[in-house]
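Quick notes on the structure that follows.
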Amino acid sequence: MGLTLQVYVVLYSVSAVACLASVPRARSIRHPGTRNGLVGLLGSVAIWSAGYVGYLLVPNISLKLTFYIVGFVFALVAVGAWLYFSTAYAGYPPREAPYRNTAIGIFLVIVVLKITNPLHNLYFTTEWTGDPFPHLAIQHQLLYWIILGVSYALIAVGFFMILERLYHTGIDSRPLVGLISLTALPAIATILAGRIDGTLPLMYEPPGVALFAVGTLFVYIRRFEAIRLIAETDDPAIFIDSDGRLRDCNQAARILFPELRRSIGTPVDSISCALAEQISEKEEPTVTGTEEMRYYQGSPVPFMAGELQTGRLVTLTDVTTRESYRQQLEERTEQLEALNRVVRHDIQNDMQVILAWSEQLQHHVTDEGQDALDRVLRKSRHMLELTEGAQDLIESLSDGQTTELEPVALHEMLEMELTTARDSHPDARFHNSGEIPQISVRANEMLPSVFRNLLENAVRHNDEETPKTTVSCKELPESVRVRIADNGPGIPDSQKEQIFGKGEKGLDSPGTGIGLYLVNTLTTQFGGDVWVEDNDPKGAVFVVELSRAAE
């Protein structure tokens with residue numbers, strides 16, 4: 002085997018081995034599009050190189066031709082894989098590329114033309130020659146140069162997309178630019194091959210791809226992935242190695258922390274305490290003092306080599322609006338809790354004292370004063386009911402945005418509230434229309450307040466001598482409806498929404514009281530609904546619909 006032949010065999014063999022050895026590393030890339038494109042590129046270039054090695058080494062002319070065509074076909078596959086990889090890395094979904102099906106069709110036609118070249122010789126012709134060593138010489142035809150030109154144009158598009166992505170990240174990408182350029186330089190050798198003494202008219206891109214793969218996946222893998230991740234966001238991003246040292250950052254991070262400009266290679270803890278707090282993996286947002294107070298939350302993405310973490314990329318998301326809203330909610334909750342203490346300990350206790358002393362006066366007033374005392378007692382009891390409703394409302398509002406729901410037995414709860422209503426209003430009549438079902442609904446310990454207020458409302462606003470209230474239930478596949486019907490004056494259609502305080506005005510809506518507003522607030526928190534209908538022949542029907550609890 003001559004020296005020239007040995008050089009070619011070693012060149013393409015090393016290229017094939019390097020590409021295959023890089024495949025496991027490429028498979029560890031998290032981004033699916035980048036991973037699949039790069040694995041496809043490495044695999045196709047490995048087969049391309051192996052085809053050339055077979056073409057150079059096997060003695061049989063038919064086998065030489067077969068190996069050459071295999072390498073020739075996978076050279077075209079590599080172009081498609083490069084486009085897929087560069088598109089995905091640049092942030093464009095390859096599967097959504099325009100004219101994708103047309104491109105696949107053209108690709109298949111070209112593959113068929115390459116495979117069937119021995120029949121038409123449109124791509125290349127062959128002849129045996131002894132220069133620079135005995136081998137099957139390839140003479141490329143016009144179609145080869147046309148397809149090669151189109152392929153280089155497509156490869157250039159991929160280069161442009163990647164270089165544009167590298168430019169806009171604001172991170173030092175010069176090493177990657179150099180590695181990517183290695184895949185383009187061999188194109189010069191491909192074009193000049195055969196015109197220079199001692200060279201074969203082959204394609205010389207595989208060694209460049211091999212160098213790109215080894216350099217990117219084994220030397221600059223963290224920077225390679227960091228650039229892709231940073232380019233997906235305009236937020237500040239900081240690249241840190243496994244020792245906690247700053248390796249790079251984008252322009253947004255340098256604006257937020259100007260000290261980063263001269264701190265590459267410095268431990269993050271020694272650059273800035275604020276920065277160290279920002280990139281910590283705690284969930285709470287941290288404060289950055291610039292011209293105005295801003296809150297940022299760090300989102301770390303680890304870089305792994307097997308099970309070993311080699312670094313991480315921390316993206317800082319501006320959560321000022323969310324954090325300000327959270328603080329407002331906390332402040333509002335504290336205010337509601339303070340109001341609850343005032344209602345519970347001060348107003349409610351004082352009203353109980355007033356009611357107790359007023360009841361003591363019943364045996365000491367004359368007939369003329371009895372009417373006034375009865376009015377005081379009624380208003381005192383009403384005030385106590387209002388404070389209890391206000392207390393329930395405050396507790397429901399101070400629980401935050403999420404309400405923990407649990408199964409609540411409907412039968413036991415309704416029976417208990419009906420018993421309480423009968424004891425509180427001996428002159429009124431409460432009865433069930435049918436059995437209350439033995440089921441559970443999704444609610445919490447505040448559910449009794451819903452029906453307590455509706456039962457109280459049915460009596461308090463009733464103008465009949467004997468108020469009558471009927472409770473009935475209807476089971477639905479996924480919910481249950483509880484109907485509370487009275488024989489009072491009814492509610493005009495124009496007020497059926499307003500009485501619950503629904504809409505923007507809330508409690509300021511005409512005719513709205515704390516009790517019905519609380520009913521609407523609680524049923525909404527339970528994922529249910531409440532509305533009012535007309536009763537027949539007179540009165541109103543309040544309907545509460547609640548979701549059934551899973552059995």
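Just add 1 to wherever you are in the sequence shown, counting from 1, and you've got the working numbering. We treat Cβ as the ideally placed atom computed from N, Cα and C, and that holds for glycine.
- Looking at the DSSP output, LEU137 bridges to TRP129.
- The straight-line gap separating the alpha-carbon atoms of PRO94 and TYR85 is approximately 9 Å.
- VAL451 has its alpha-carbon roughly 30 Å from the corresponding atom of GLN328.
- Looking only at TYR296, ASP242 and LEU57, the smallest Cα-Cα distance to LEU4 is reached by LEU57.
- CA-to-CA, the gap between VAL59 and GLY299 works out to about 58 Å.
- Close CB contacts of PRO202 within its chain, under the 7 Å cut and outside five residues either way in sequence, are with ILE139, HIS141, ALA194 and GLY195 (chain order).
- For the segment 143 to 214, the full-length alpha helix (DSSP H) segments reaching 4 residues or more read 143 to 170, 175 to 185 and 187 to 193 along the chain.
- Residue burial is scored here from C-beta neighbours: PHE219 has fewer than 16 other C-beta atoms within 10 angstroms and is therefore classed as exposed.
- Sixteen is the threshold: when 16 or more other Cβ atoms of the shown chains lie within 10 Å of the Cβ of MET447, as they do, the residue is buried.
- Only residues of its own chain outside the window of five on either side were considered, and among them ARG443 and SER548 have a CB closer than 7 Å to the CB of GLY528, listed in chain order.
- If you look at GLU476, you'll find it in the beta strand (DSSP E) that goes 469 to 476.
- SER29 has no beta-bridge partner at all, per DSSP.
- Rounded to whole angstroms, the gap between the alpha carbons of PRO259 and LEU180 is 30 Å.
- Beta-carbon to beta-carbon, PRO187 and GLY209 are separated by about 4 Å, close enough to satisfy the 8 Å threshold.
- Taking a contact as a CB-CB distance under 8 Å, the pair ALA429 and VAL460 counts as one, their CB atoms being some 5 Å apart.
- Judged by DSSP in its simplified three-state form, GLU97 adopts helix.
- The straight-line gap separating the alpha-carbon atoms of GLU369 and LEU356 is approximately 20 Å.
- When secondary structure is reduced to three states using DSSP, LEU123 falls in the coil class, being assigned neither helix nor strand.
- For HIS412, the three-state secondary structure derived from DSSP is helix.
- Remark: C-beta atoms of TYR90 and THR126 do not approach each other more closely than 9 Å.
- Under DSSP, PHE431 forms a beta bridge with THR470.
- Between the beta-carbon of PHE225 and that of LEU183 there is about 14 Å, and that puts the pair past the 8 Å contact cut.
- Looking at the backbone, the Cα of ARG262 and that of ALA238 are separated by about 13 Å.
- When only Cα atoms are considered, TYR296 and VAL377 end up about 55 Å apart.
- With a cutoff of 9 Å on beta-carbon distance, ALA47 and VAL71 are scored as not near each other.
- By the 16-neighbour rule on beta-carbons within 10 angstroms, GLU418 is buried.
- If you check the CB distance, THR470 and PHE431 come in under 9 Å.
- When DSSP reads this structure, ILE485 sits in a beta bridge with VAL472 and PHE543.
- ALA550 and VAL409 have their alpha carbons spaced roughly 8 Å apart.
- Runs of the alpha helix (DSSP H) spanning 4 or more residues and lying entirely within the segment 248 to 276 occur at 252 to 257 and 269 to 272, in chain order.
- At the C-beta level, LEU120 and TRP129 stay beyond 9 Å of one another.
- Secondary structure at ASP319: strand, using DSSP grouped into helix, strand and coil.
- A straight-line Cα-Cα distance of about 59 Å links THR217 and SER480.
- Between VAL215 and SER23, the CB-CB gap stays under 9 Å.
- With fewer than 16 other Cβ atoms from the protein chains shown falling within 10 Å of its own Cβ, ASN61 counts as exposed.
- The segment 9 to 86 is shown to contain whole alpha helix (DSSP H) runs of 4 or more residues at 33 to 58, in chain order.
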